[in-house]
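> Quick one: structure below, then a few questions.
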Amino acid sequence: MSKSLGMMLLEHTPIRLPGAIANPATFEFPMAYRTVPGAWTKNVVGADMSILESYKATARALVAEGAAALTSNCGFTARFQKAIAGAVGVPIATSSLSLVPFVRGLLPPGKKIGLLTYDAMALGEIHFNGAGWSAKDTPVVVAGIEGSESWSEMAKPDPTFTVAMLERDVGVAARKLIAQNPDIALVVLECSAFPVAAAAVRRETGLPVFDFSTLARLVMGAVLPRQA
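Take any residue in the sequence shown, note its place counting from 1, add 6, and you have its number in this note's numbering.
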């Protein structure tokens with residue numbers, strides 16, 4: 007059985023645009039997907055602990071099916087990272103927020119990380135701590151896409167996205183954040199929908215951009231056997 011990356015999905019219809027992490031064609035390795043019963047944007051973003059057992063059960067099921075590592079399609083799942091990790095015996099990285107400690111080590115002196123998220127008002131220390139770091143000792147500035155068309159779509163059970171929509175909304179947030187913080191040297195995209203727009207953000211800002219697909223490839227690169 008080929009080793010796969012198991013992805014725990016929200017109940018919403020997944021985004022399967024080119025470059026989306028829920029699109030199996032995005033990656034060079036096998037993917038396995040399972041929906042987490044009861045996991046919707048509203049309660050995951052709100053850190054509703056009543057869905058933790060559903061996450062644990064889904065994680066166990068994916069591992070039983072052959073997943074060699076696990077991730078999710080919502081960066082706010084970092085809130086549950088440690089508890090889910092305790093339920094399985096494979097590497098797990100539920101959120102691209104897990105990249106921040108690594109990215110911090112790449113920063114030139116005096117520079118900052120720009121963190122783009124689905125909702126900056128909802129994202130905070132509880133999520134950062136779940137991913138293994140704190141904003142108290144990390145030079146990070148955060149901005150979200152609140153009020154945008156993409157933000158509204160993400161709350162719908164069956165969202166409708168286009169590449170152009172995501173590029174526009176994420177691009178607006180990126181440009182504004184960098185204009186307000188010209189000392190940003192690296193960008194991390196929290197939201198699992200944002201990899202669709204990552205190339206556009208790189209072009210527009212000229213900065214390195216890290217996202218969920220970066221995370222997935224990093225984890226699986228460590229798990230999969232090297233080809234001769």
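Cβ atoms here follow ideal geometry from the backbone N, Cα and C, with glycine treated the same way. This one's a predicted model, so the numbers in the text were calculated from it and none came from an experiment.
With 16 as the cutoff for other CB atoms within 10 Å, does E159 come out buried or exposed?
Reading the sequence shown from its first residue, position 153 is the one you call residue 159. When all chains shown are included, E159 counts as buried.
> On the three-state DSSP scale, how would you describe T19?
On the sequence shown, position 13 is the one that residue 19 refers to. Three-state result, T19: coil.
> What does a CB cutoff of less than 6 Å around A234 pick up in its chain, not counting 5 residues either side in sequence?
If you number the sequence shown from 1, residue 234 lands on position 228. The pLDDT assigned to A234 is 48, lower than 50, so where the model puts this residue is not dependable, and the model offers no usable value.
> Reducing DSSP to helix, strand and coil, say where L129 ends up.
As a working note, residue 129 is residue 123 in the sequence shown. L129: coil per DSSP, three-state reduction.
> Pull up the distance between the alpha-carbon of T83 and that of T166, whole angstroms please.
The residue labelled residue 83 in the question sits at position 77 within the sequence shown. The residue labelled residue 166 in the question sits at position 160 within the sequence shown. Roughly 22 Å separates the two Cα atoms.
> Within 10 Å of its beta-carbon, does D189 have 16 or more other beta-carbons around it, so buried, or fewer, so exposed?
Stepping through the sequence shown from its first residue, residue 189 is reached at position 183. Result: exposed.
> Any chance the segment 105 to 124 sits against the segment 54 to 62, with 3 or more Cβ pairs inside 8 Å?
Touching, no.
> Taking all protein chains shown into account, decide if Q87 is buried (16 or more other Cβ within 10 angstroms of its Cβ) or exposed.
Position 81 of the sequence shown, counted from the start, is the residue given in the question as residue 87. Result: buried.
> Please report the Cβ distance between R66 and A93, rounded to the nearest whole angstrom; I am assuming they are in contact, meaning their Cβ atoms lie under 8 Å.
In the sequence shown, counting from the first residue as 1, residue 66 sits at position 60. In the sequence shown, counting from the first residue as 1, residue 93 sits at position 87. Their Cβ separation, rounded to whole angstroms, is 6 Å, which keeps R66 and A93 in contact under 8 Å.
> Taking V176 as the reference, give the member of K142, W139, A126, S101 with the closest Cα.
Residue 176 sits at position 170 when you count from the first residue of the sequence shown. The shortest C-alpha separation from V176 is found at A126.
> Beta-carbon separation of S102 and E196 under 8 Å?
For the purposes of this step, residue 102 is taken as residue 96 along the sequence shown, with counting starting at 1. For the purposes of this step, residue 196 is taken as residue 190 along the sequence shown, with counting starting at 1. Yes, these two residues count as a Cβ contact at 8 Å.
> With a cut-off of 8 Å, does the C-beta of L76 fall near any C-beta of chain B?
Annotation note: the requested chain B is absent from the structure, which comprises a single protein chain.
> May I ask you to list the residues that DSSP assigns as paired with S78?
As a working mapping, residue 78 is identified with position 72 in the sequence shown. Paired residue(s): M14.
> If distances are taken between C-alpha atoms only, which option among A149, A191, A31, Y61 comes closest to L15?
To locate residue 15, count along the sequence shown from 1; it is residue 9. Out of A149, A191, A31, Y61, Y61 has the C-alpha closest to the C-alpha of L15.
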